[in-house]
Amino acid sequence: MVGKKRKRALHKDFWMEVRKSRARFISIFCIVALGVAFFSGIQASSPDMRLSGDAYYNESKLMDLKVVGTMGLTDDDIQALKELPETDTVEGAYSTDVICGETDSQKVLHVESLNKEVNHLSITEGRLPQKSGECFLDSAFASGQKYSIGDKVVIRQPGDSELLKEETYTVVGIGKSPLYISFNRGNTTVGSGEVNGFMYVVADDFDSDLYTQIYVRAHEVDKVTSYTDGYDNLADKLEDKVKGIEAERCQARYDSVVGEAQEKIEDAEKELADGKKEADEELADAKKKLDDGEQELTDGEKEYEDGKQQLADARQELEDGKKELANAKQKIADGRSQIASARQQVADGQAQIATAQKKLDEGWNQYNDGKKKYNAGKKKLDAAKKELEDGKKQLADGKAELEQNQQELNAGIAQIQEGQQAVETQLAQLQEQIPQLEAGIGQLQAAVEGLEAAQNAVAQLEAAVQEKQSAVEAAQAARDEAAQKVENGELTEEELAGYEQALAQAQAELEAVNGALAQAQESLNACQQAAAQKTELEANLSAANAGVETLQAKKTELAQTLENLSANQTAIDEGKAKLNEEEAKLGPAEKEIAANEKTLKDSKKKLDASLKKLQDGQAEIDANKAKMNSALAEIEANEQKLNSGEAEIAANEQKLTDGEKEIQENEQKLKDAEKELEDARKELADGKKEYEDGKKEAEDKIKDGQEKIDDAKKELTDLKYPEWILTDRNGLPEYSDYGDNADRIKNIGEVFPVIFFLVAALISLTTMTRMVEEQRTQIGTMKALGYSKISIASKYLNYAFLATAGGSVAGILIGEKIIPFVIIKSYGIMYHNVENTLQIHYELKYALLASVAALICTVGATIFSCVHALAETPASLMRPPTPKEGKRILLERIPILWKHLNFTWKSSLRNLFRYKKRLFMTIFGIAGSMALMLVGFGIRDSVSDIVHLQYTNLQHYDATIISDDDATDTEREALIESLDKNESLDHYTKIRLSKLTAPNGKSNLSVYVFVPENLENFKKDVTLRNRVTKEEYELPEDGAAVCEKTASLLGLKIGDELTLKKDDKEYHVKISVITENYAGHYVYMTPQIYKETFGEEPVYEDIVFSVKEEYKDQVEKVGQKIMDLPAVLSISYTESTIEMVDRMLSTLGVVILVLIVSAGMLAFVVLYNLNNINITERQRELATLKVLGFFDIEVSQYVLRENIILTIAGILFGSGFGILLHRFIIVTVEVDAVMFGRNIAPLSFLYCAVITCIFSAVVNIFMHKKLKKIDMVESLKSVE
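In terms of the numbering used here, the sequence shown opens at residue 58 and continues consecutively.
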């Protein structure tokens, strides 16, 4: 029975202690919550960032590998990739870069064909393109260029490219692509050299038989998380397998291209041979014509001589003609008689043919009527067949649609039924809880009803205590008076004993009333607890009833939804029945069509037979007609001959008459012929000249054709073997940067929260240690009353455990949700695609680590303090600890200073060194908080310094020109000539920029070897200097200049040799200078050192240039003109790099703000907690000051002056500690490719100091209010 009472008393005392020391309990709770929240929240942010990014990539089916072929890609390549077991999805795509906009504001768009299986687009407005001429536009580009749905985008393809069929596209959709998760859109060989946006069109808009690229998604990629070793291994395995088939596919493509080219060359050779043959033939014809002309001239001359002779013979022929004319007239008379007889025979034959033709025409009419009927029937049959096929297709589509609807309906019904089951379960649980709550309220009702009675009893007993106290005081006064009288001899000892007996009786009555008051107070406390519990149970009952009503409504809603789904089932069943009915109707129609088709086939056979007969009859008639026509033609010809003969006779008679006249004219003609012969000689000479010119022209054309064929053969011989360029996700703009940012958060989380947590844990440890020391008297009393050590310690252990565990749970619940949310949302400013797929999970590993560490610190400190206290005897514990012997402080040994201090300052300084533990803990707490805030500001300063230091103080050029490796010498010379003539340029420097690797343990470090051709210009482009001393260096002639970060990672110093690897060969160069650099790894060499190191002269393929001051805001316009030159592959602008870094820093700024705010909150809690402990420990001292007449403001100054001194000391120590911590954290959180600044801005020190002072002032205000409430009487009571 006694044991149970003791347990109840301990339990009651524990909760009383929590209530009485709410400030201490809440401070421990808050400081642990802050430490755990910050530690677990920062640690959880990095994996949550990766999970959020991975969720977006999986949702959008982002490719894992992009394959680009230098000779294009084919469907066979896609099939080969699909056959790999490591691939899940393989899809080809077309792409090109085009110019958009006016000349002054030209932008470059990357145009790509839509993909169905990979790289799903996120639609912000509108829809995806569905036909040619429609496009889906980059939301960032559309916003910047003021495009909206329905607008026209006019593009211009570079050079002679005609890859796209259209030049004007209508915007039907606007949104985002998973290929571009941030603002960067990549580089290009078009326009200014930078891509400004993307545009998607349908594949039919590309006029190409070859794919530009193939996207591949790995098998089971959804089961691994991006930016992890698991994903990297999966991607590497996929890339290795693709490389395994690269040689085979490239060989196939090479053979195909070479075969096609060889065939074209052979065709060209054949065409050239044919052309040569044709030219030879034409030249031969021309030569023949010339020869003929010469012959004709010779013949003409001979003919001229003969003409004279012919004139002489003509007169003789005239006489002979008269005789022949008489004989001809007799022959004509005989012919006329024969023609009349033949005409009668032809007339009889034509009459017979006309009769046969009439019969045949009747047969043709019958055939044509039958053919019309056949064609009409066939047309009806074809229409019926088409109608039948359409019906079958509609029936199949309807069935498929009904089947899909049925599946969706079944899934919906199953989901509703699961929801109903869950609602029923929750409803049953609530209905089970309600009676229990009502029963609990009933049990507590009686205790609550006794509350008023208990309060009255306590009030009465308190009045009785006052009364008995007065009686005791009166008895005490009477006894003291009696004792005085005894000393004076006025009373005897026996009479004094009576007064003492009366005093003892009054004291006994007072103790009895006090005991009764304690019991009544205990009953009152029990009633009050019962009332509080009843109120809590009634609130829970109301919540349960409200939950029942909500679940009932949900149940009704689910039932209604299920009823609606049942109605949909009825509609589906009716649709199935209707489809079955339509399917039944199709059978008879199909049979009828088959019968009609057979009938038509029979009719067709009969018509074909009739057609054969008609054709044979027509052929016979046509043959007879031909005979008649031939005979008639012969008659007419003979008649014509007779007419001709008569006409000829008449003509000959005239000829004879004109003969004489003709002879005279021929004499004139002979004279004209002599002149024509002279003209012919001249024309022949001109023809020979024209022949020679034509012959030369033909030979030149043949030569040009042969040269083209030879060039084609040479190009074919020089044709580079194709290769596949494989690009994983790291090749996408900003993809790897997102992972790097997650790593930065991880790096920050590995250091910063640990220091934060250590400060919080140490303050919690101090608080619990002070609590145990404060209550040593109570511990001694309980030990004297017989309580065990475990029972006594359990109160403090439970106190520490409850505050720490509660703070840990609150910190985990809040920190692992809010901090990752804020950080990922802040990065959403830059990586806008990812912010809609936030994945924030509780990371138990970090939560348990933080909670266990907090519990070890607070509970461990409590155990240590309890063990130390319980080792003493009860009597020792119930007495105050012996004060330490006072010691003189250092200032007291300096009389000049000490004598000029007033009393309060002397007391404050003595107290500071009197409570050394509090001194060091306060300074450490403030210094730790100050250092954490300073680190937050310092990280901001270090990161923001990168841009200014790298691109203003160290690298001064405005852009880098990357030349085309395939450019000819002529094209390269044209580039240099263009730069020389460009008035916008201040200067340019040809450089050799090579990417090599430097062995770094198990891994390799990528470095760029930078070799300038002109060393004087190099001084204008790059500054080499020492980061600490700012001493500037010349480019060394006895070695290389290596970046500080590079040397640090490789563990090298000046005088060491740097090893560089190129094509599996190692090269060594001495480090002569270590130079300041913040972005990338550079090794600067003179041309001579490069030659000595690599054994070859440097080839200056790239160029850096700077524009004149007045053109600084037009660098891209200047670069755009340079990009038009064929030797330029791309241009990288320094301003673009600065903008990208600035965007990254803007997101990191929010993260740093989280660090600063958290450190500030910690500083406030630390100051409040330590000051609260200080005042609690010194209550009797402060009450004494009040008794001595100090005003409240003077007491506050007495205490808070110490706080101000400690705050200033903490700021000073925190500044030094912050500098060291900042340097450690900066080195820890840096990624390999970047070196952060090492200095903290002076303003950051000022900001941190001001924030700390503000928090200290706020805490002092709170403490002033607490000091005013100190009760002088209670605080001055004896500890005993």
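Note that the Cβ used here is the ideal one computed from N, Cα and C, for glycine as well.
- Exclusion of the five residues before and after residue 1083 leaves 1133 as the residues of its chain whose Cβ lies within less than 7 Å of its Cβ.
- The DSSP-derived three-state label of residue 1138 is coil.
- In the DSSP annotation of this structure, residue 1013 is not part of any beta strand (DSSP E), being labelled neither H nor E.
- Cβ-Cβ distances below 6 Å link residue 1295 to nothing in the same chain once the five nearest sequence neighbours on each side are left out.
- 7 Å or more divides the Cβ of residue 175 from the Cβ of residue 140.
- For the alpha helix (DSSP H) assignment, the uninterrupted runs of no fewer than 4 residues enclosed by the stretch 1249-1321 are, from N- to C-terminal side, 1249-1286.
- Going by C-alpha positions, residue 1096 is about 19 Å away from residue 1122.
- Here residue 631 is exposed. Its C-beta has fewer than 16 other C-beta atoms within 10 Å.
- When the Cα atoms are used, residue 1041 and residue 1179 turn out to be separated by approximately 11 Å.
- In its chain, beyond the 5 residues on either side, 1047, 1048, 1049, 1070 have a beta carbon closer than 7 Å to the beta carbon of residue 1157.
- Taking C-alpha positions only, residue 852 is separated from residue 919 by approximately 10 Å.
- The beta-bridge partner set that DSSP reports for residue 182 consists of 231.
- When rounded, the separation of the alpha-carbon atoms in residue 297 and residue 177 is 26 Å.
- Residue 1126 has 1115 as its beta-bridge partners, per DSSP.
- Distances from the alpha-carbon of residue 522 to those of 1036, 227, 573 put 573 closest.
- Distances from the alpha-carbon of residue 1154 to those of 1163, 904, 1143, 1160 put 1143 closest.
- Taken atom to atom, the span from the alpha-carbon of residue 785 to that of residue 233 is near 20 Å.
- Boundaries of the beta strand (DSSP E) around residue 1043: 1042-1057.
- Here residue 72 is exposed, its C-beta having fewer than 16 other C-beta atoms within 10 Å.
- The Cβ atoms of residue 569 and residue 532 lie no closer than 7 Å to each other.
- By DSSP's assignment, residue 72 forms no beta bridge with any residue.
- A straight line joining the alpha-carbon of residue 105 with that of residue 241 spans about 23 Å.
- Note on geometry: alpha-carbon atoms of residue 1248 and residue 801 lie some 54 Å from one another.
- Residue pairing for residue 1120: DSSP places it in no beta bridge.
- Following the DSSP letters along the chain, one finds residue 1005 inside the alpha helix (DSSP H) bounded by residues 973-1005.
- Counting other Cβ atoms within 10 Å of its Cβ, residue 422 stays below 16 and is therefore classed as exposed.
- For residue 74, the closest alpha carbon among the candidates 829, 300, 555, 276 is that of 829.
- The three-state reading of DSSP puts residue 1080 in coil, since its state is none of H, G, I, E or B.
- Judged by DSSP in its simplified three-state form, residue 310 adopts helix.
- A Cβ-Cβ distance of about 18 Å is found for the pair residue 1109 and residue 1092, leaving them out of contact under the 8 Å criterion.
- Rounded to whole angstroms, the gap between the alpha carbons of residue 781 and residue 310 is 11 Å.
- Here residue 278 is buried. Its C-beta has 16 or more other C-beta atoms within 10 Å.
- With contacts defined by Cβ atoms closer than 7 Å, residue 119 and residue 254 do not form a contacting pair.
- Judged by DSSP secondary structure, residue 909 falls within the alpha helix (DSSP H) whose first and last residues are 901-927.
- Of 1181, 231, 192, 869, the smallest CA-CA separation from residue 245 is found for 1181.
- Taking 8 Å as the upper bound for CB-CB distance, residue 239 and residue 791 are in contact here, some 4 Å apart.
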